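Asks: Sharing a structure below in structure tokens format, with a few things to ask.
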Amino acid sequence: AQKVTQAQTEISVVEKEDVTLDCVYETRDTTYYLFWYKQPPSGELVFLIRRNSFDEQNEISGRYSWNFQKSTSSFNFTITASQVVDSAVYFCALSEEKGAQKLVFGQGTRLTINP
Amino acid sequence: DTGVSQDPRHKITKRGQNVTFRCDPISEHNRLYWYRQTLGQGPEFLTYFQNEAQLEKSRLLSDRFSAERPKGSFSTLEIQRTEQGDSAMYLCASSRRSRTGRFLGETQYFGPGTRLLVL
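These protein sequences, in sequence, are chains A and B.
Take -4 as the starting number for the first sequence in my numbering and just add one per residue.
Take 22 as the starting number for the second sequence in my numbering and just add one per residue.
Encoded structure:
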């Protein structure tokens, strides 16, 4: 069975600090996909990134970066120079390649950026 | 492309009543998903359609729940004889499989959700 663990329930930092959100996953599949979604107070899940299991290259998009390490089954997300608008709940998710490709989500990390 | 839309955004009902939610996916997306999210938890998969065919249902989807996607366009999720435990956010997502190199993957795009409160 697939499982995603986000051990950090809540994180609070001051604006401009860097912050890393942890994600650890479990799967028996050899091919799978990993995702990060952002859920602001409005409730809509906003897609941030998708990674394939065979592509361990780290990715940077502006202030966002992602570190995928297959050896430790982790897919961590770092926000550099955080801003108040980054405040939201962030979800890590996993899907298999075959079949429905339904998403299995972690419990989420509530990130609060204080001015 | 317009995004995924859901209607209504909020629904308050009394226990025992039936409710129906609608989801309009992104056009040309042949896959549609329903998820349920309770307070403080991540979304949980309920059911999945490829075009008009409902191909997978979660054990969470009791016999009081039914979903349809006529003609492979919009979808409806109906809950009969609602219970207080049905109170949650119901999220719809759509996707289209695409090939990137050796991978046949997809990204699911979510609607704003329907927040249900059963009194």
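Idealized CB from N, CA, C, for every residue including glycine.
Every value quoted in this text rests on a predicted model; they were computed, and no experiment measured them.
Output needed for Ser48 of chain A: all residues of its chain with C-beta closer than 6 Å, excluding positions within five of it in sequence on either side, in chain order.
Replies: Same-chain partners within the cutoff: Thr26 and Tyr27.
Asks: Beta-carbon within less than 8 Å of Thr34 of chain B's beta-carbon, same chain only, minus the 5 sequence neighbours each way: which residues are those?
Replies: Contacts found: Val40, Thr103, Leu137, Leu138, Val139 and Leu140.
Asks: According to DSSP, simplified to helix, strand and coil, what is Lys33 of chain A?
Replies: Looking at Lys33 of chain A - three-state DSSP - the assignment turns out to be strand.
Asks: For Thr97 of chain B, which residues of its own chain have a beta-carbon under 6 Å away from its beta-carbon, when the five flanking residues on both sides are left out?
Replies: Result list for Thr97 of chain B: Thr41, Arg43 and Glu89, in chain order.
Asks: Compare the C-beta of Arg23 of chain A with all C-beta atoms of chain B and state if any pair is closer than 8 Å.
Replies: Judged by the 8 Å Cβ criterion, Arg23 of chain A is not in contact with chain B.
Asks: When you compare only the Cα positions, how much space is there between Thr107 of chain A and Phe70 of chain B?
Replies: Distance between the alpha carbons of Thr107 of chain A and Phe70 of chain B is about 36 Å.
Asks: First and last residue of the beta strand (DSSP E) that includes Ala88 of chain A?
Replies: Here the beta strand (DSSP E) through Ala88 of chain A covers Ala83 to Glu91.
Asks: Establish whether the CB of Pro46 of chain B and some CB of chain A are separated by less than 8 Å.
Replies: No - not a single Cβ of chain A is within 8 Å of the one on Pro46 of chain B.
Asks: Taking the alpha-carbon positions, what's the Gly132 of chain B to Lys65 of chain A distance?
Replies: About 31 Å.
Asks: Closer than 8 Å by beta-carbon distance: list the chain A residues that pair up with Gly132 of chain B, in chain order.
Replies: Simply Glu39.
Asks: Considering only the alpha carbon of each residue, which of B:Pro91, B:Ser94, B:Phe95 and B:Gly106 lies closest to Arg85 of chain B?
Replies: Checked all of B:Pro91, B:Ser94, B:Phe95 and B:Gly106; the closest Cα to Arg85 of chain B is B:Gly106.
Asks: Could you give the distance in angstroms between the alpha-carbon of Tyr20 of chain A and the alpha-carbon of Asp50 of chain A?
Replies: When rounded, the distance between both Cα atoms is 16 Å.
Asks: With 16 as the cutoff for other CB atoms within 10 Å, does Ile55 of chain A come out buried or exposed?
Replies: The residue in question, Ile55 of chain A, is exposed, as its Cβ has fewer than 16 Cβ neighbours within 10 Å.
Asks: Any idea what DSSP makes of Gln62 of chain B, helix, strand or coil?
Replies: In this structure, Gln62 of chain B counts as coil in the three-state DSSP scheme.
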